[in-house]
Amino acid sequence: MFVCICRAVTEDEVHEHCSSGAMSVDAIGERCGAGEGCGTCLERLQQIVNERVATANSAA
Ligand code: FES
Numbered sequence: 006m007f008v009c010i011c012r013a014v015t016e017d018e019v020h021e022h023c024s025s026g027a028m029s030v031d032a033i034g035e036r037c038g039a040g041e042g043c044g045t046c047l048e049r050l051q052q053i054v055n056e057r058v059a060t061a062n063s064a065a
């Protein structure tokens with residue numbers, strides 16, 4: 006499923022970028038361009054990052 010329609014970035018791709026160290030919306034945008042178009046997806050991107058951070062913290 007696409008998260009960012011403007012850059013055709015899927016939720017799975019966003020998770021892959023998070024897994025390889027992109028743990029902010031800006032870092033994800035630098036890697037794949039997500040969020041750098043209309044901005045509609047920014048809220049969902051932030052939600053994914055927050056979930057990943059929470060998961061990483063609970064695993065630590
Ligand atoms: S949907 Fe992501 S920037 Fe437009």
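Quick note: the sequence shown uses my numbering, first residue 6, plus one each step. Note that beta-carbon positions come from the ideal geometry of N, C-alpha and C, so glycine has one too.
Using the C-alpha atoms, what's the distance from residue j back to residue i?
i	j	result
G5	C23	There is simply no residue 5 to check, as the chain begins at 6 and stops at 65 in what is shown.
D17	A65	23 Å
G34	A61	20 Å
V19	S63	20 Å
Can you find the residues in the same chain that come closer than 7 Å, C-beta to C-beta, to residue i, ignoring five residues on each side of it along the sequence?
i	result
V30	G40, L47, L50, Q51 and V54
T15	M6, F7 and V8
R57	C23 and M28
C43	C11
R36	H22 and A27
Report all residues from its chain with a CB closer than 8 Å to the CB of residue i; omit the five preceding and five following residues, and keep chain order.
i	result
A32	H22 and G26
A13	F7
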